[in-house]
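Data block below; observations after.
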Amino acid sequence: MQESELIAQLKDESTQSQAFSALIKKYQEQVYWLIRKMVLSHDDANDVLQNTFLHAWKGIKTFRGDAKFSTWLYRIAVNETFTFLANAELKNANNMTDLEDIMVQNLASDEYFEGDELQIKFQKAILSLPPKQRMVFNMKYFEDKKYEEMEEILGTSVGALKASYHHAVKKIESYVLMED
Amino acid sequence: METKTNILDSLKGEKNPFKVPEGYFESLGPVLQEVIDQKENVVKTETFLSRFRPMLYAAASVAILVCVTFTFLTNHQENVDQARNQVPEEINGIQTKILYTHLEEESIIDYLLSEEE
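Those sequence lines, one after another, are chains A and B. Take the position in the first sequence, starting the count at 1, then add 5; the result is the number in the numbering used here. Take the position in the second sequence, starting the count at 1, then add 477; the result is the number in the numbering used here.
As structure tokens, then:
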């Protein structure tokens with residue numbers, strides 16, 4: 006079924022639930038990977054993903070169809086991810102170890118991560134970026150998203166996004182090459 | 478610079494090091510639907526309760542007030558009855574004492590002697 010048809014069904018209460026299920030199926034994987042690359046742990050990604058779809062369902066009436074459904078859903082996922090990271094940062098406020106260091110340590114022992122030393126160093130380099138810049142980097146580098154779509158999702162101008170990505174690449178390259 | 482670019486390019490070419498539990502994406506749709514349905518039911522129950530919450534509070538307040546009033550009135554009635562039974566004896570004792578204090582000692586002796594006769 007075409008996405009436009011599903012969107013039309015979303016507006017009708019009798020077909021809403023069915024259309025939403027179809028859209029979940031269509032986007033669950035993409036949204037999962039966006040979240041996972043930010044929070045790293047599978048369990049955390051699963052929680053954030055559930056919250057994302059729950060909020061999407063609750064706010065389905067506010068979806069007017071001006072933007073693409075995927076853009077709207079990504080926006081919710083991004084907000085949920087930032088909220089999760091901010092809460093994790095707050096919980097870790099009294100800890101001597103930085104949250105990013107804890108995330109890398111957990112990654113190394115994660116049964117759902119099969120990366121080598123270089124991959125861990127790469128993730129460490131990405132984690133050295135502030136969350137929003139990390140999101141910009143992940144969207145462009147891993148998903149090859151268009152800047153125009155990223156602008157709609159993140160609410161940042163294309164120019165600022167390009168600059169942010171450029172700086173992120175430089176920082177990560179230096180980190181991967183220099184860090185031991 | 479070329480080496481730096483190559484590093485990111487070569488990492489991009491590598492396979493995704495992140496894994497998911499087996500069958501995760503296959504079961505994700507129904508799981509998400511279940512989570513949504515569960516939360517929906519909780520919200521509906523909460524909405525139902527919150528709609529009738531003021532009435533429940535009012536009914537509970539009235540019930541408590543009725544109980545307190547009933548208990549108070551019952552105890553009060555018992556106290557009144559008890560007081561009624563006790564008061565005359567005390568008053569009688571006092572009256573007798575007052576009477577005796579007003580009589581002359583001689584009058585009492587005369588009275589007792591006349592009774593013996």
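Think of the CB as a built atom: it goes at the ideal place given N, C-alpha and C, for glycine as much as any other residue. Here the structure is a predicted model, which means the values were calculated and not measured.
About 6 Å separates the CB atoms of T76/A and I158/A; that is less than 8 Å, so the two are in contact. Taking Y32/A as the centre and dropping the five residues before and after it, the same chain places the C-beta of S75, L78 closer than 7 Å to its C-beta, in chain order.
Within a 10 Å sphere around the beta-carbon of D558/B sit fewer than 16 other beta-carbons, which makes this residue exposed. Apart from the 5 residues on each side of it in sequence, A72/A sits with its Cβ closer than 7 Å to the Cβ of E157 in its chain, given in chain order. F89/A: member of the alpha helix (DSSP H) spanning 74 to 96, first to last residue. Here the C-alpha atom of Q515/B lies approximately 20 Å from the C-alpha atom of E503/B. Taking each of A24/A, W38/A, F142/A in turn and checking the Cα distance to W62/A, the smallest one comes out for A24/A. DSSP, reduced to helix, strand and coil, places F142/A within a helical segment of the structure shown.
Burial is judged here by how many other beta carbons sit within 10 angstroms of a residue's own beta carbon; R530/B has fewer than 16 and is exposed. Looking at the DSSP output, F502/B bridges to nothing. Taking 7 Å as the cut-off between beta carbons, the residues of the stretch 16 to 47 of chain A near chain B are S26, I29, K30, Q33, E34, R41, H47, in sequence order. Closer than 8 Å to the CB of P494/B there is at least one CB belonging to chain A.
A Cβ-Cβ distance of about 18 Å is found for the pair A82/A and L15/A, leaving them out of contact under the 8 Å criterion. In the three-state scheme derived from DSSP, where H, G and I count as helix and E and B as strand, F549/B is classed as helix. If you check the CB distance, L54/A and L28/A do not come in under 8 Å.
Per DSSP, G164/A is one residue of the alpha helix (DSSP H) stretching across 163 to 183. Identification of residues in the stretch 98 to 119 of chain A having a C-beta nearer than 7 Å to some C-beta of chain B yields Y117, F118, E119, given in sequence order. 8 Å or more divides the Cβ of L45/A from the Cβ of M6/A. Looking at the DSSP output, F118/A bridges to F495/B. Short of 7 Å from the beta carbon of E8/A, and not among the five residues preceding or following it, lie these beta carbons of its own chain, in chain order: F74.
The beta carbon of L132/A does not come within 8 Å of any beta carbon belonging to chain B, so the residue lies off that interface. Between the beta-carbon of I513/B and that of L59/A there is about 6 Å, and that keeps the pair under the 8 Å contact cut.
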